[in-house]
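See below for the structure under consideration.
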Amino acid sequence: MMHITHEAEERHVLTITVDNEAGILAKIAGLFTARGYNIDSLTVADITENHAVSRITIVTHGPPSQIDQIHAQLERLVPVHKVVDLTEIGPYVQRELALIKVAGAGEKRVEALRIADIFRAKPVDTTTESFIFELTGAPDKIDTFVAIMRELGLVEVGRTGVVGMIRGTKEA
Amino acid sequence: MMKECVVSEERSGAKILVESLVKQGVEVVFGYPGGAVLPIYDALFGDERLRHILVRHEAGAAHAAEGYARSTGKPGVVLVTSGPGATNAVTGIADAFLDSIPLVIITGQVPTALIGSDAFQEADTVGISRHCTKHNYLVKDPADLAATVDEAFQIATTGRPGPVLIDIPKDVQIASAVWSDAAAQRRVRYAPRTQGTSEEIAQAVAMIAEARAPVFYTGGGVINSGPRATALLRELQAKTGAPVTSTLMGLGAFPADSADWLGMLGMHGTYEANMSMNQADLIICVGARFDDRVTGRLDAFAPNSQKIHIDIDRSSINKTVRVDLPIVGDCGQVLEQILEGWGERKAKDLSGWKKRIDTWRERDSLSFPANANAIMPQLAVQRLFELTRDKDPIISTEVGQHQMWAAQHFHFFGPNKWLTSGGLGTMGYGLPAAIGAQLGNPDSLVIDIAGDASIQMNIQELGTATQYRLPVKVFILNNEWMGMVRQWQELTYESRYSNSYSDSLPDFVKLAEAYGWKGIRIENESELDAGIQAMIDYPGPVIVDCLVAKESNCFPMIPSGAAHTEMMLYGDEVAGTMDDEAKALV
């Protein structure tokens, strides 16, 4: 009998600077599917005044040898200028933004607001029966907040995915 | 006046494309017209500078361009229409991608305004080709064409070569833009690393100098780097004395008549090549990529060796096998650096190592049983080699047993003479590749060594050779089976021959004649030499239908999932079955 085995995996945050041209996002996302790599989150926006260059942050997980291959395969794409593995070279800052809609009344509503305050989540929309909170932080902070809100009337969650940057004075 | 001057420089996108191709030094374009490329075909009409070769199917265009590129070292150019034209070419594009062959493919596209509307003959060519091209473009403005073509050729031919596709909507071919004869403004964004650092080179020299049992393991990268890399490999080998083996793609980089030539390695490689890899203390990998066909079972691959890996593509390094010293760079340039670093050093005495290799050679792993009743296919290839040897022929192949027999029993002495689909393993490659090679080398003897099944996959290209009076030869080892499929079924599925019999084969001699070729049938060993000689002597294209022993197997063979030391040789007992882990491997 044959069984499928799995290797130990690591989570890595990669930032990729690319030419902001048609199809580049499909190229990068497609590379991950074509070669069987994982994408946990992906964010992209242009970062230069003339809109010529975009920065993509990808959170991935896989065995260390695969992470190294991902790095090399990304660098192989012609429109890719630079790939930085923040997890590898760290320390780094990672943040994402979430919108969290919570509905409820009475004690649960008060508790939701109180906990939002502890997490420094900001109410950006309110009705008499609901809030939308805006929360910024590292992914685990948002995970924790969402887990608590699940018990207090969570309706829906939207997350941007991670953007990351190396700490200190220099560009990575 | 000024305004008039500018207007006079305006040209249609189609004309700009043609000018740009001419400027790149393109002489031959392999293509097939259709609705979405009519403006380009009109621009080609009567233009003497570009020779257009009309194939019979777009797959043939891509493979012919590959054959042209592999045999000349120049990029191959393909021109096809949108939709089915582009999708038909995809197999050849994927083939070029896996074997690192420089191609520039021009595809027509429906007009910009119709893109995404499921228009007639619309396909998402850029999307479909995204993962089988090195890079691709959709050009939306004729003003961008010149720079795009310029960059496409740079990307296709430098670094690790590969196919680059340019998709051009029909309205962009018709619309005009200012065209200037000056060099296109190229963006500087693609600059592959070509040389090793001095530390890497010093370490490589030290490792080679220290090794007691070194092996050069060379691949297609040496060929792709150009003839100079081949010369430098031979020079470094002479200085170090290390024996040489090669992948399927690298055959010809090292001369097969050298005493230090081990033959091809891998699944159907020689016993001495695979045992040398297994027992080596240093493997110097030059332009090869530790492919699964080469390594066999990974945890048993070259267990006691240090490894140096020279490759222009960083992603080839540590992909399947971890190496001790990676050097990212062009094979030729890095070999030159190592030679410089080696200087006047004396080679270590390797006589003990070579004695061990000689004991492996004594196994005579390429031997095959004599057969009084039928021509052994290996013998047919040997005779073909001996009788054409003085003509330094270019050999293409299809894919299967005949391909491996050709790799084992035909011998090569220089680069760019061996054209075969290695990575993708594309049946139907050989005939169009031979046509492309013949166009690039009009005075050479070009032979496609084929199988009865593979040849039918692009048989329509017989017409192309007829039209352009190309004297290509097709030598079919006809055993009435998809031989390699049948062999695997014999060895792993207890001889349950599911759909591998070549039923209803055409009469290849009559087929040849129908296309205006000469047809020769060889049925007995006594006719073999005369048949081959008649093929060589005929000034036009020839199909030789050589009937061979029907159920010969290609040995030696490393079964999938096995180690280099577990080779099956002719006459070994074969269980006829395999466990599921081995079956799951390709």
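Those protein sequence lines, which keep their order, are chains A and B.
Per the numbering used here, the first sequence runs over residues 2 to 173.
Per the numbering used here, the second sequence runs over residues 570 to 1155.
Every residue, glycine too, gets a C-beta built ideally from N, C-alpha and C.
Predicted model only: the values in this text are computed from it and were never measured.
Neighbours of valine 79 of chain A across chain B, judged by C-beta separation under 8 Å: Lys703, His704, Ile724, Arg758 and Tyr759. Interface flag for serine 1067 of chain B against chain A is unset, since no Cβ pair is found closer than 8 Å. Using a CB distance below 8 Å, the part of the segment 7-28 of chain A facing chain B consists of Asp20, Ala23, Gly24, Ala27 and Lys28, ordered along the chain.
Alanine 173 of chain A and threonine 839 of chain B have their alpha carbons spaced roughly 49 Å apart.
By the neighbour-count criterion, in which 16 or more other beta carbons inside 10 Å mark a residue as buried, proline 92 of chain A falls on the exposed side. Under the three-state reduction of DSSP output, alanine 1118 of chain B falls in the coil class, being neither helix nor strand. In the DSSP annotation of this structure, the continuous segment of the beta strand (DSSP E) that includes methionine 166 of chain A starts and ends at 164-167.
Your pair lysine 1087 of chain B and tyrosine 1107 of chain B checks out as a contact, with CB atoms roughly 5 Å apart and the cut at 8 Å. Excluding its 5 nearest sequence neighbours in each direction, aspartate 47 of chain A has C-beta neighbours in its own chain below 6 Å: Asn21 and Ser55, listed in chain order. The segment 1063-1080 of chain B makes no contact with the segment 1097-1106 of chain B; the number of CB pairs closer than 8 Å stays below 3. The criterion of a C-beta distance shorter than 8 Å is not satisfied by tyrosine 759 of chain B and valine 103 of chain A.
At a cut-off of 8 Å, the C-beta of alanine 35 of chain A has a neighbouring C-beta in chain B.
For aspartate 69 of chain A, the C-beta contacts it makes with chain B under 7 Å involve Asn887, in order along the chain. At a cut-off of 8 Å between beta-carbon atoms, glutamate 76 of chain A makes contact with chain B. Uninterrupted beta strand (DSSP E) stretches at least 3 residues long and entirely within the segment 998-1026 of chain B occur at 1015-1020, given in chain order. In this structure, the beta-carbon distance from glycine 677 of chain B to glycine 645 of chain B does not fall below 8 Å. Any Cβ of chain A closer than 8 Å to the Cβ of glycine 765 of chain B would place that residue at the interface, and such an atom is absent. Under the Cβ criterion (8 Å, minimum of three pairs), the segment 1044-1060 of chain B counts as touching the segment 1122-1131 of chain B. Bridge pairing for aspartate 20 of chain A: A/Val54 [DSSP]. Flagged as an interface residue toward chain A: glycine 696 of chain B, by a C-beta distance shorter than 8 Å.
Scanning chain B for C-beta atoms nearer than 9 Å to the C-beta of alanine 73 of chain A yields Asp882, Arg883, Ser884, Ser885, Ile886, Asn887 and Lys888, reported in chain order. Measuring C-alpha to C-alpha distances from leucine 683 of chain B to each of B/Lys917, B/Ser1067, B/Asp740 and B/Thr816 identifies B/Asp740 as the nearest.
Taking the beta carbon of glycine 31 of chain A as reference, the chain B residues within 8 Å of it are Arg699 and His700, listed in sequence order. Judged by DSSP secondary structure, arginine 620 of chain B falls outside any alpha helix (DSSP H) and instead within the beta strand (DSSP E) spanning 620-623. Taken in chain order, the whole beta strand (DSSP E) runs of length 3 or more contained in the segment 663-704 of chain B are 672-678. Remark: fewer than three beta-carbon pairs, one from each stretch, lie closer than 8 Å, so the segment 603-614 of chain B and the segment 945-965 of chain B are not flagged as touching. A straight-line Cα-Cα distance of about 38 Å links leucine 919 of chain B and proline 65 of chain A. A direct Cα-to-Cα measurement between glutamate 627 of chain B and alanine 658 of chain B gives close to 5 Å.
For serine 42 of chain A, the nearest beta carbon of chain B is not closer than 8 Å to its own beta carbon.
Taking a Cβ-Cβ threshold of 9 Å, the residues of chain B close to methionine 2 of chain A are Asp1149, in chain order. The residue among B/Ser1095, B/Ile879 and B/Gln742 with its C-alpha nearest the C-alpha of glutamine 764 of chain B is B/Ile879. Contact with chain A is found for leucine 707 of chain B, since one of that chain's Cβ atoms lies less than 8 Å from the residue's Cβ.
Between alanine 725 of chain B and leucine 667 of chain B, the CB-CB gap reaches or exceeds 8 Å.
Residue contact check for serine 66 of chain A against chain B: a CB pair falls below 8 Å. Separation of the CB atoms of isoleucine 116 of chain A and isoleucine 143 of chain A is rounded to 13 Å, and the pair is thereby denied contact status at 8 Å. Chain-order list of chain A residues neighbouring alanine 655 of chain B: empty, with the shortest C-beta distance near 16 Å, by a criterion of under 7 Å.
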